[in-house]
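The block underneath contains the structure these notes are about, expressed in structure tokens.
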Amino acid sequence: MQKAEKMQALREFAAEIRVETLKTIGSLGFGHVGGSMSIVEAMAVLYGDVMKVDPKNPRWEDRDWCVLSKGHAGPCAYATLALKGFYPLEETRTLNKPSTNFPSHTDRTKTPGVDLTTGSLGQGMSTATGAALGNKIDGRDNHVYVFVGDGECDEGQVWEAAQFAAHYKLDNLTCFVDNNKNQLDGPVDTVMSHGKGIGAKFDAFGWNVIDVADGNDVEQIYDAVQEALTVKGVPTCIVLNTIKGKGATFAEPSGAHSSQPSPEQWEEAIAAAEAELAAVKAAK
Ligand SMILES: Cc1ncc(C[n+]2csc(CCOP(=O)(O)OP(=O)(O)O)c2C)c(N)n1
346 MQKAEKMQAL
356 REFAAEIRVE
366 TLKTIGSLGF
376 GHVGGSMSIV
386 EAMAVLYGDV
396 MKVDPKNPRW
406 EDRDWCVLSK
416 GHAGPCAYAT
426 LALKGFYPLE
436 ETRTLNKPST
446 NFPSHTDRTK
456 TPGVDLTTGS
466 LGQGMSTATG
476 AALGNKIDGR
486 DNHVYVFVGD
496 GECDEGQVWE
506 AAQFAAHYKL
516 DNLTCFVDNN
526 KNQLDGPVDT
536 VMSHGKGIGA
546 KFDAFGWNVI
556 DVADGNDVEQ
566 IYDAVQEALT
576 VKGVPTCIVL
586 NTIKGKGATF
596 AEPSGAHSSQ
606 PSPEQWEEAI
616 AAAEAELAAV
626 KAAK
């Protein structure tokens with residue numbers, strides 16, 4: 346497939362994920378829209394092209410792994426995995442309801458395709474790093490991708506894992522930083538700034554660092570991942586400069602962490618995302 350054709354397919358996949366993420370959270374009426382929408386394009390690139398996974402065998406030992414250390418973005422993963430064929434889309438509409446397999450934060454014991462349980466910020470970075478080391482020791486030819494939030498990077502545990510990953514030369518590990526500039530309590534720079542920047546911190550810990558100027562652009566993300574996969578001897582951090590709430594009419598303007606819009610606002614947002622999907626398809 347030509348690259349242009351591939352990018353078009355990834356843009357369409359991202360637009361579909363955006364619609365289904367909204368419908369998933371909308372089935373509950375409230376939730377983590379902001380941090381789910383900011384990573385849509387990165388998830389589209391991973392599951393639409395880069396990662397080797399088998400929806401019929403989610404625990405295939407040689408699969409690539411994806412860990413949402415920012416586990417509150419679970420709905421984006423649920424929509425992505427449903428579109429990839431791990432389970433029917435309708436099932437995601439039970440989000441966070443009693444006896445659901447789709448809790449607000451990702452849980453590997455409940456949802457097919459979820460590789461590690463997360464939700465307590467910082468921990469997913471450590472467990473993903475452990476998984477990468479385990480895979481390396483086992484001689485597996487696979488890769489672990491982990492997403493951390495820029496607010497999450499306040500957790501000391503992120504940096505313990507970063508130091509560990511560099512020490513063990515985990516070139517089978519790529520960490521995406523969802524640099525959407527906002528966390529729960531407000532702007533990252535107001536709550537706890539990152540000094541010279543999160544990328545500079547990973548660099549200081551011995552990682553290869555790639556800055557993606559537009560972290561909601563599938564081609565820029567795709568190119569960064571391809572570059573990361575060529576780097577040997579060190580893990581790579583890809584800083585995605587994203588927009589919190591991207592594409593959600595009620596959440597993007599404020600960059601809110603969680604949202605509980607009115608039914609009319611849900612309808613408006615889903616209609617806008619569906620219109621965007623149609624426009625992306627028409628641009629073929
Ligand atoms: C250890 C821990 N402390 C606090 C929380 C509550 N919490 C959930 S999300 C969040 C903000 C995270 O911000 P960021 O990493 O920027 O993610 P984004 O909202 O942009 O997706 C907080 C404080 C948590 N889940 N775990």
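Each residue of the sequence shown is one higher than the one before, starting from 346 at the first, in our numbering. Glycine residues also receive a C-beta, built at the ideal position from the N, C-alpha and C atoms. Note that the structure is predicted; figures quoted are calculated from it, not measured.
{"Check": "Where the alpha helix (DSSP H) through isoleucine 583 begins and ends", "Outcome": "First-last for isoleucine 583: 581 to 586, but that is the beta strand (DSSP E), not the alpha helix (DSSP H)."}
{"Check": "Own chain partners of arginine 356 with C-beta closer than 7 Å, once the 5 adjacent residues on each side are dropped", "Outcome": "Val563, Val625"}
{"Check": "Exposure of arginine 404, with buried meaning 16 or more beta-carbon neighbours within 10 Å", "Outcome": "exposed"}
{"Check": "Cα-Cα separation, lysine 481 to serine 471", "Outcome": "15 Å"}
{"Check": "Where leucine 529 falls: helix, strand or coil (DSSP)", "Outcome": "coil"}
{"Check": "Uninterrupted alpha helix (DSSP H) stretches inside the region 366 to 434 (no shorter than 4 residues)", "Outcome": "378 to 382, 385 to 390, 419 to 429"}
{"Check": "Span of the alpha helix (DSSP H), counted from its first residue to its last, around asparagine 561", "Outcome": "First-last for asparagine 561: undefined, no H or E at that position."}
{"Check": "Residue span of the alpha helix (DSSP H) that contains phenylalanine 547, given as start and end", "Outcome": "543 to 549"}
{"Check": "Nearest candidate by alpha-carbon position, reference threonine 526, set Glu497, Gly551, Asp548", "Outcome": "The amino acid at residue 526 is misidentified as threonine; the sequence shows lysine. Out of Glu497, Gly551, Asp548, Glu497 has the C-alpha closest to the C-alpha of lysine 526."}
{"Check": "As assigned by DSSP and simplified to three states, the class of valine 503", "Outcome": "helix"}
{"Check": "CB of alanine 476 within 7 Å of CB of tryptophan 410, strictly", "Outcome": "yes"}
{"Check": "For lysine 415, the nearest candidate out of Ala545, Gln347, Lys348, Asp499 (CA to CA)", "Outcome": "Asp499"}
{"Check": "For aspartate 556, the three-state DSSP class (helix, strand or coil)", "Outcome": "strand"}
{"Check": "Exposure of methionine 346, with buried meaning 16 or more beta-carbon neighbours within 10 Å", "Outcome": "exposed"}
{"Check": "Glutamine 528 Cβ short of 6 Å to ligand 1 heavy atom set", "Outcome": "yes"}
{"Check": "C-beta atoms of isoleucine 370 and proline 420 nearer than 7 Å", "Outcome": "yes"}
{"Check": "Same chain, Cβ closer than 6 Å to alanine 473, five either side skipped, listed in chain order", "Outcome": "Val412, Val489, Val491"}
{"Check": "Alpha-carbon spacing of serine 444 relative to glutamate 435, whole angstroms", "Outcome": "15 Å"}
{"Check": "Reduced DSSP category for threonine 519 - H, G, I as helix; E, B as strand; rest coil", "Outcome": "strand"}
{"Check": "Between the CA atoms of lysine 397 and proline 580 - distance to the nearest angstrom", "Outcome": "19 Å"}
{"Check": "Member of Pro433, Asp523, Ala422, Lys455 whose CA lies at the smallest distance from the CA of valine 584", "Outcome": "Asp523"}
{"Check": "Beta-carbon spacing of alanine 447, threonine 462 below 7 Å", "Outcome": "The question names alanine, yet the displayed sequence has phenylalanine at residue 447. For phenylalanine 447 and threonine 462, no; Cβs fall outside 7 Å."}
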